[in-house]
Amino acid sequence: MDLGLKDKIAFVAASSQGLGKSVALELAREGAHVILNGRNTELLEATKQEIDGVGSGKVSAFIGDLSIAEDRDRIVNTILKQYTAIDILVTNTGGPVSGRFETLSQDDWNTTYELLLGSAVSLVRSFLPGMKTQPWGRIISITSQAVKQPVENLILSNSVRASVVGLMKTLASELGEYNITVNNVMPGYTKTNRLKTLIEKNPTFAEAVNEIPLKRFGNPEEFAAAVTFLASARASYITGTSLAVDGGWIKNIL
Ligand SMILES: NC(=O)c1ccc[n+]([C@@H]2O[C@H](COP(=O)([O-])OP(=O)(O)OC[C@H]3O[C@@H](n4cnc5c(N)ncnc54)[C@H](OP(=O)(O)O)[C@@H]3O)[C@@H](O)[C@H]2O)c1
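Here it is as structure tokens:
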């Protein structure tokens, strides 16, 4: 299947490692120009070098913390000077801190709003005018299986990510007329640094593997394949969905 991604321009937020990196790598393999981001300069540069040359597209990288408005503005302004519009926006950041309600502070909540919801709102606001003029666009939000079924000890993720899904579902209705699709992809337990850290903090987290019908944690490449399809020209009639890549962990019928 030709995914029609050659020469598309994709900004993959928080992509120096983990799920974002895998998505960027897969888009690059399909011939897209990819724009990477992360906070750690060395990590970001290493990832840029790794992805450079895997496909025919250009790879660029912008350092910055997407939970900070000034960083977002700087990154977006630089990108929009280089490219008048992007085709594909993948919203993503690192996950919020783990914990139960009584172990978390009001500050933890405020930081998480900005990290998960604020970053997504702001990136869509910045890149939307360009997508509308094309008119073509793909907006994909990396959320979590937690939006369908709360994950123990992750109350911040369970709560604030639901608002991102509300945002994206509403955007799907508002932006369809501009040929812009908007979807969420919900990772299940996937082998990245985030999962490693959660297990180190709380070893019982690893027992979740027994609740997964496929009886293993996912690989980032398996997640990236789903995002890449939704970003492609071939996913032209899919919008407003939340696709789980969770090995069957979510127990809801729908
Ligand atoms: N892996 C899983 O099992 C799983 C399951 C459900 C949901 N999720 C969610 O999916 C998202 C990605 O997870 P992951 O497993 O890929 O995490 P990860 O392995 O920790 O990677 C996170 C990436 O985002 C960058 N990053 C973190 N915070 C950032 C910020 N504020 N601004 C810009 N870049 C930032 C990191 O680089 P720097 O640190 O250098 O910035 C890194 O490149 C997270 O929100 C996570 O909670 C993951």
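Numbered according to the UniProt record's numbering, the sequence shown spans residues 1 to 254.
Yeah, the Cβ is synthetic: ideal placement off N, Cα and C, and Gly gets one too.
Using 7 Å as the threshold, is the C-beta distance between residue i and residue j below it?
{"i": "L80", "j": "A13", "result": "no"}
{"i": "S60", "j": "I35", "result": "yes"}
{"i": "A32", "j": "G57", "result": "yes"}
{"i": "P220", "j": "S22", "result": "yes"}
{"i": "T241", "j": "N183", "result": "yes"}
{"i": "I9", "j": "Y113", "result": "no"}
{"i": "L123", "j": "T91", "result": "yes"}
{"i": "G4", "j": "S232", "result": "yes"}
{"i": "R161", "j": "T143", "result": "yes"}
{"i": "G188", "j": "G99", "result": "no"}
May I ask you to report which of helix, strand or coil DSSP gives residue i?
{"i": "T143", "result": "coil"}
{"i": "L36", "result": "strand"}
{"i": "P187", "result": "strand"}
{"i": "F127", "result": "helix"}
{"i": "L243", "result": "strand"}
{"i": "F62", "result": "strand"}
{"i": "I180", "result": "strand"}
Using a Cβ-Cβ cut-off of 6 Å (strictly less than) and excluding sequence neighbours within five positions of residue i, which residues of its own chain qualify?
{"i": "S159", "result": "none"}
Tell me which residues share the same chain as residue i and place their Cβ nearer than 8 Å to its Cβ, disregarding the 5 neighbours each side in the sequence.
{"i": "G64", "result": "N37, R39, D71, R72, R74 and I75"}
{"i": "L43", "result": "S16 and Q17"}
{"i": "A226", "result": "V185, L243 and V245"}
For residue i, which residues in the same chain have their Cβ closer than 7 Å to its Cβ, ignoring the five residues on either side in sequence?
{"i": "V54", "result": "L25, A28 and R29"}
{"i": "I250", "result": "Q145, K148, Q149 and A244"}
{"i": "V121", "result": "L167"}
Please determine if the region 226-238 and the region 205-212 are in contact, where contact requires at least 3 C-beta pairs separated by less than 8 Å.
For the pair of segments examined, the region 226-238 was found not to touch the region 205-212: the number of CB pairs separated by less than 8 Å stays below three.
Can you confirm whether the region 144-164 touches the region 127-135 when touching is taken to mean that 3 or more C-beta pairs between the two stretches lie within less than 8 Å?
Cβ pair count under 8 Å is below three, so no.
I want to know whether the region 106-113 touches the region 133-144 - three or more CB-CB distances under 8 Å.
Touching, no, given that fewer than three Cβ pairs across the two stretches are closer than 8 Å.
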